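**Q**
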Amino acid sequence: MQTQLKDKLYADVEGTCSGRFGYIITVVSLSNISKGKILPGTGLAEFKVNYQAIVFKPYKGEVLDAVVTTVNKLIPNDMHFDPNGNPPSYSSEDQTIQKDVQVRIKLVGTRIDATEIFAIGTIKEDYLGVISS
Numbered sequence: 459m460q461t462q463l464k465d466k467l468y469a470d471v472e473g474t475c476s477g478r479f480g481y482i483i484t485v486v487s488l489s490n491i492s493k494g495k496i497l498p499g500t501g502l503a504e505f506k507v508n509y510q511a512i513v514f515k516p517y518k519g520e521v522l523d524a525v526v527t528t529v530n531k532l533i534p535n536d537m538h539f540d541p542n543g544n545p546p547s548y549s550s551e552d553q554t555i556q557k558d559v560q561v562r563i564k565l566v567g568t569r570i571d572a573t574e575i576f577a578i579g580t581i582k583e584d585y586l587g588v589i590s591s
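In terms of the numbering used here, the sequence shown opens at residue 459 and continues consecutively.
1) For the stretch 533-542 and the stretch 496-506, state whether three or more C-beta atom pairs, one from each stretch, are separated by less than 8 Å.
2) How big is the Cα-Cα spacing for L586 and A503?
3) Could you compute how far the alpha carbon of D584 sits from the alpha carbon of N508?
4) When DSSP labels each residue in this structure, what does T529 get in the three-state scheme?
5) Take F514 as the anchor and find which of V561, V521 and Y481 has the nearest alpha-carbon.
6) Looking only at its own chain, which residues have a Cβ that is under 6 Å from the Cβ of M537, when we skip the five neighbours before and after it?
7) Alpha carbon to alpha carbon, how far is F576 from R569? Give it in angstroms, no decimals.
8) What first and last residue would you give for the beta strand (DSSP E) that runs through L565?
9) Hey, Q510 and S489: beta-carbon distance below 8 Å or not?
10) Quick one: is V486 buried, meaning 16 or more other Cβ sit within 10 Å of its Cβ, or exposed?
11) Jot down the residue ranges of each uninterrupted beta strand (DSSP E) in the stretch 483-550, minimum 3 residues, whole runs only, in chain order.
12) Would you list the one or two residues that DSSP bridges to Y481?
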């Protein structure tokens with residue numbers, strides 16, 4: 459029974475996002491599994507499980523490495539936008555930003571919903587920008 463509960467917990471929470479805790483990367487350990495309570499009318503059992511997990515919750519001012527998924531017109535003034543490029547990209551004298559390029563950004567704002575985290579970052583500081591093409 460313990461194995462089935464652990465497997466169900468891993469399947470239900472790993473890889474999900476909670477507005478309170480952030481993205482749940484992986485469950486590290488289980489500290490307590492309560493005795494089950496039978497739910498009336500269904501025959502299902504409910505268990506309370508306490509566990510520890512590795513989570514990721516970005517915060518304003520944090521510096522992160524990321525992969526560009528889309529290119530839009532929100533980019534520094536010193537870069538030139540090429541909407542006709544394949545894929546569309548921004549370029550300056552020393553770097554090009556396009557889809558699938560790794561960049562280092564500093565978060566300037568985050569918004570947390572119940573199941574998603576949205577963030578806006580900048581590359582307008584030293585040591586930020588393209589780190590790999």
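We put the CB at the ideal spot given by N, CA and C, even for glycine. If you're wondering where the values come from, they're calculated on a predicted model, not measured in any experiment.
**A** Let's see:
1) no
2) Reading the sequence shown from its first residue, position 128 is the one you call residue 586. Reading the sequence shown from its first residue, position 45 is the one you call residue 503. Whole-angstrom Cα-Cα distance: 51 Å.
3) Within the sequence shown, residue 584 is the residue found at index 126, counting from 1. Within the sequence shown, residue 508 is the residue found at index 50, counting from 1. D584 and N508: Cα-Cα distance of roughly 43 Å.
4) Looking up residue 529 in the sequence shown gives position 71. Looking at the sequence shown, residue 529 is not Thr but Val. Correct three-state label for V529: coil.
5) As a position in the sequence shown, residue 514 is number 56, starting the count at 1. Taking only the C-alpha atoms, the option nearest F514 is Y481.
6) The sequence position of residue 537 within the sequence shown is 79, counting from 1. These residues qualify, in order along the chain: Y548 and S550.
7) Reading the sequence shown from its first residue, position 111 is the one you call residue 569. Reading the sequence shown from its first residue, position 118 is the one you call residue 576. Each residue's alpha carbon lies about 5 Å from the other.
8) Translated into positions along the sequence shown, residue 565 becomes position 107. First-last of the beta strand (DSSP E) with L565: Q560 to I570.
9) Position 52 of the sequence shown, counted from the start, is the residue given in the question as residue 510. Position 31 of the sequence shown, counted from the start, is the residue given in the question as residue 489. Yes, Cβ-Cβ distance for Q510 and S489 is below 8 Å.
10) Walking along the sequence shown from the start, residue 486 turns up at place 28. With fewer than 16 other Cβ atoms within 10 Å, it is exposed.
11) Counting whole runs of 3 or more residues, the stretch 483-550 contains the beta strand (DSSP E) stretches 507-514, 521-525, 538-540 and 547-549.
12) Translated into positions along the sequence shown, residue 481 becomes position 23. Y481 is bridged to C475 and F514.
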